Amino acid sequence: MNHLIKNHSRKLLANMEEVKSFEARLAQLNDWWGKITLIGKINSHNVASTILDDMHRTQSKFGELQMKLTCSLLRENLQKLVLDNTSRAQVAIDLLIRNLFERTADVGFLATDDDIRVFLNQPQATTEQVKFIENRLREYVKKYSVYDEIIIFDTQGRVKAHLDPNNQITMSSDPLITDTMLSDQPYLETFRHSELQADRRHSLIYSCKITETDQKHSRILGVLCLCFRFDDEMQGIFANLLCQGDHKVICITDAEGCVIASSNEDVMPLTSRVNYASDTALIRFQQQEYIVNIRDTQGYQGFYGLGWRGQMLNRLETAFKQEASASDNHQYAEIIDESDYFPQELREIRQASSDINADLGLLVLNGQIASARKNAAEFMPVLEAIKQVGADITHIFTSSVTSLQEVTVLSSHLNNAGFLASLAVDIMDRNLYERANDCRWWALTSAFRRHLGNPDISETDKRQFSAILTYINNLYTVYTNLYLYDLRGEILAVSNPREAMIVGTQAEDSTGFRDALREADSQCYSVSNFLPSALYGNRPTYIYNAAIVALDDTHKVIGGIGIVFDSEPQFSAMLAEILPKNADGSPITNSFAAFTDRKANILSIENNISHRVGEKLPVDDVYLKLRNGETSSSLIKYSGRNYVLGVAVSKGYREFKTVDKYNNDVIAFVFIPI
1 MNHLIKNHSR KLLANMEEVK SFEARLAQLN DWWGKITLIG KINSHNVAST
51 ILDDMHRTQS KFGELQMKLT CSLLRENLQK LVLDNTSRAQ VAIDLLIRNL
101 FERTADVGFL ATDDDIRVFL NQPQATTEQV KFIENRLREY VKKYSVYDEI
151 IIFDTQGRVK AHLDPNNQIT MSSDPLITDT MLSDQPYLET FRHSELQADR
201 RHSLIYSCKI TETDQKHSRI LGVLCLCFRF DDEMQGIFAN LLCQGDHKVI
251 CITDAEGCVI ASSNEDVMPL TSRVNYASDT ALIRFQQQEY IVNIRDTQGY
301 QGFYGLGWRG QMLNRLETAF KQEASASDNH QYAEIIDESD YFPQELREIR
351 QASSDINADL GLLVLNGQIA SARKNAAEFM PVLEAIKQVG ADITHIFTSS
401 VTSLQEVTVL SSHLNNAGFL ASLAVDIMDR NLYERANDCR WWALTSAFRR
451 HLGNPDISET DKRQFSAILT YINNLYTVYT NLYLYDLRGE ILAVSNPREA
501 MIVGTQAEDS TGFRDALREA DSQCYSVSNF LPSALYGNRP TYIYNAAIVA
551 LDDTHKVIGG IGIVFDSEPQ FSAMLAEILP KNADGSPITN SFAAFTDRKA
601 NILSIENNIS HRVGEKLPVD DVYLKLRNGE TSSSLIKYSG RNYVLGVAVS
651 KGYREFKTVD KYNNDVIAFV FIPI
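For the sequence shown, our numbering gives the first residue as 1, with consecutive numbering after it.
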C-alpha cells in the first residue's frame, strides 16, 4: 500500500470527495486569514508588528498540520478500501478452494464404486445395465448438485455411460483420459476447454482411474470424470460478496494471471490479463482506472488447487464514495475515543489543532490588550475575525478527524465484523450441505440394499457392512462413526471399531432415525437436534440419517444409515478460521466467536473460556430475530469491555436448508475488542 501512496497520492486524493472538501474549506479560510492579516497591516500601524508575525507563524503551523491530516486521511481511507477488497478477494478464492477440496474426495470415492466396477467389467454392457448405471449417477448428482455431467470411459476412450442428454459425446481422445490412466496421483484436476463438454467455453473436470480392485497395481478398467458446475458456483460466490449495482468486480485468475471467472465480464472479460507488480496496485484497463487487490489461497487441509488467485477491482472514481450509515455514530464517540485501534497520529493531530487554537486565543488576547493601550480600535475587528477563523479551522480539523474515526474505527470495523459473521455461517452451511449429501448417497450402496432386508442377516453380511463403513469413514474423517440399523432401530454395524459395543443396541430416538425410516424418497434425510448423544461421548452434535431401500423395490424401506458428525473440532475450526488475526496468525486478544441457535444456545464457541457449549450466550434478543441471510453489526459493551459485534443468520447453500424440508437456523456472533 505504501508504494501506492508514494506514486499516486495526488490521483488518489482527487477521488476522495471528503478530503477534497476538507482541503477546499481550509484553503478558503487560509485565504480569508491572509486577507484579514493584510487589512490589519494596512490599517493598524499603531500595533506592534510582532503580533501579526506571531499570527502568521500560527497560520503556518495550521498549514503544516493540514498536510499531516491530509496524509492521514489518504492513508486511512485507502487502508479501509484495501482491507475490504483483500478480504473479499481472499474469501472468493478460499470458498472456492474449500468446495473443490470436497470434489477431490468425491471423485476418488466414486471411482471405487462396486456397481461401476462391475459395469465396466462386462464385455458388452446391455441397455439395461447402462440405464442402471446412469440412474445411479443421476442419483449422485441429485445429492451432489455441484456437478452437471459425469462420464465413465473405458480404457479406449469410449463413453460407456454419462448423464447429460444434451452432450452428444460417444468417444474422446482428450489427453486427460490417458494422463489420468498414467498418473500416480489419486486424481487429476483439469481446467480448460474440453471435448468432454464441447459446447462449454471451459470445463473444470476431476478425473480418476477406475481399477478392478483397491490394490495398488490393479487392472485399470476405465476413467471417471466429474464435471463441476464452475460458472454456476462462481455466480453464487460473487453474489454473496457484492451488492447489486456495485462498481466493484471480483475475478478468479489462473496461475498465469488469466481471468477465468468474473463477476462482470463487461468490465473484466474472461481471458483478460492485467499486469501489476504487487498485490495492491493502481492499473488502467479499458479506459478506466482501478485499484486492484489480489490474494493467493490459504488452502484447505493441504489442498491448494491449480494455483488460482482471487482478485478484486475497484473503480477509482467511485472507490472512496462513503455510504451513509444507518446508525447514530455520535452515541459511539466515547467508545471510539477509548479504542486502541484509532491511530495515535490522528489523536495527536486533533490535540495539536486544539493547542494551536488555544495559542491563537492568547495571541488575540495580547493583541486586544495592546490595541487598547495604543487606542488602535480599528485592529479589534481584525483580531476577532482571526480568532473566528482559528476556531473555524479547529472545527474543520476536529470534524475531519471525527469523520475519519467513523471510517476507520466504526464503519470499517463494523463492516468487517458483519462480514466475518456472514462468512462463518456460509462456511457452516456449505460444510453441512456435504453431510446431508453423504448420508443419502451412502444409503444407496448396493451391498446395503441387497442384504439389509434379509430376514436373518448373517454375521458375514454384518462384517461386510462394517468393512464398507470403515472404508468410507477412513476417507471422510469429519465423522466419528457411521452405523447401519434395521427397521426397529437396532444397530447392526459400525465403522469405528472402538464403537463396536453399540452393535446390537437400540439407536436413541433423539438421533432422528425414526424420521428417516418414514421416507423412502432417496432425496430425503433427517437430522437430530443439536443434543448430547451417547454416540458422541455424551457431547452435543448433529447425526444425519437416511433410509435404505430394497434394491428390487425402491418404495420399500429396509433400514437406515446414521452418520455422527464430529461437530466439536469441525465447528471450532470454522470459527477459528474467521476470527481476526494478528500478524503472527494468532487471534486478536479477547476476540471470540460463537454459533448459536435461535434461542441463543451455544453450539460452538472459540477463543473464550467463559462460556461453554450448551449454555446460553447472553446477547440481546434483537439479534435472535434477524431474518435468514440477514447481517447486523454494532458497538457494544460486553463483560465490561468494548466490542464490535457482528451477527449473521444462516440462509443455506444450494438446496440445503432452502428447498429441502430441513429447517435449522444457526446464528454466528463475532466479537472483536475495540
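C-beta atoms are modelled at their ideal positions from N, C-alpha and C, and glycine is treated no differently. In this text, all values refer to a predicted model and were calculated from it rather than measured experimentally.
Residues in the same chain with beta-carbon distance under 6 Å from residue i, minus the five sequence neighbours each way, listed in chain order, please.
i	result
residue 281	292
residue 161	130, 133, 134 and 152
residue 496	481
residue 54	363
residue 623	647
residue 347	none
residue 326	Because the pLDDT of residue 326 is 43, which lies under 50, any placement of that residue in the model is unreliable, and the number read from its coordinates should be weighed accordingly. Cβ within range, chain order: n/a, list empty.
residue 324	Residue placement at residue 324 is poorly supported in this model, since its pLDDT is 49, which falls under 50; the coordinates still yield a value, given next. Nothing meets the Cβ criterion.
Measuring alpha carbon to alpha carbon, tell me which residue in the options is nearest residue i.
i	options	result
residue 67	31, 96 and 19	19
residue 596	10, 571, 389 and 139	571
residue 174	191, 591, 61 and 277	191
residue 444	103, 588 and 115	115
residue 658	432, 347, 118 and 17	432
residue 565	94, 478 and 217	478
residue 144	544, 434 and 499	434
residue 241	38, 422 and 461	422
residue 12	439, 513, 283 and 662	283
residue 536	287, 508, 555 and 344	508
residue 178	629, 167 and 154	154
residue 58	243, 295, 358 and 262	358
Our contact map puts residue i next to residue j with C-beta atoms below 8 Å; I'd like the distance itself, whole angstroms only.
i	j	result
residue 147	residue 429	The Cβ separation is near 19 Å, so there is no contact.
residue 681	residue 249	No information on residue 681 is available, as it lies outside the stretch 1 to 674 that the chain covers here.
residue 119	residue 125	6 Å
residue 681	residue 106	What is shown of the chain runs 1 to 674, which leaves residue 681 out entirely.
residue 414	residue 387	The Cβ separation is near 38 Å, so there is no contact.
residue 104	residue 303	7 Å
residue 642	residue 605	Contact doesn't hold; Cβ gap of about 20 Å is too wide.
Under a three-way DSSP split, which group does residue i fall into?
i	result
residue 572	helix
residue 109	helix
residue 206	strand
residue 668	strand
residue 71	helix
residue 172	coil
residue 249	strand
residue 324	Legend: pLDDT at residue 324 = 49, less than 50; position of this residue unreliable, value from coordinates given subsequently. DSSP places residue 324 in coil when its eight states are reduced to three.
residue 101	helix
residue 613	coil
residue 497	helix
residue 54	helix
residue 78	helix
residue 181	helix
residue 35	helix
residue 196	helix
residue 595	strand
For the beta strand (DSSP E) holding residue i, just list the boundary residues, first then last.
i	result
residue 557	553 to 565
residue 261	259 to 262
residue 540	539 to 541
residue 290	288 to 296
residue 470	Counting along the chain, residue 470 falls outside any beta strand (DSSP E), though it belongs to the alpha helix (DSSP H) covering 459 to 475.
residue 9	Taken as a continuous stretch (DSSP letters only), residue 9 belongs to no beta strand (DSSP E), being part of the alpha helix (DSSP H) at 2 to 13.
residue 162	159 to 162
residue 482	479 to 485
residue 256	Where residue 256 is concerned, there is no enclosing beta strand (DSSP E), given that its DSSP letter is neither H nor E.
Once the 5 residues before and after residue i are set aside, which same chain residues still bring their CB inside 7 Å of it?
i	result
residue 271	258 and 259
residue 353	65, 394, 397 and 398
residue 412	80 and 83
residue 1	78, 79, 82 and 280
residue 542	527, 528, 530, 565 and 567
What are the start and end residues of the alpha helix (DSSP H) that includes residue i?
i	result
residue 380	380 to 405
residue 624	621 to 624
residue 237	230 to 241
residue 433	412 to 442
residue 188	Premise fails: residue 188 lies in the beta strand (DSSP E), 188 to 192, not in any alpha helix (DSSP H).
residue 114	114 to 121
residue 318	316 to 319
residue 642	No alpha helix (DSSP H) contains residue 642, which is instead part of the beta strand (DSSP E) from 641 to 649.
residue 216	No alpha helix (DSSP H) contains residue 216, which DSSP labels as neither H nor E.
Do we get a CB-CB distance below 8 Å when we pair residue i with the residues of chain C?
i	result
residue 134	The structure shown contains no chain C; it is built from a single protein chain.
Only counting the same chain, and skipping five residues up and downstream in sequence, which positions put a Cβ closer than 8 Å to that of residue i?
i	result
residue 540	530, 531, 532, 533, 567, 603, 613 and 614
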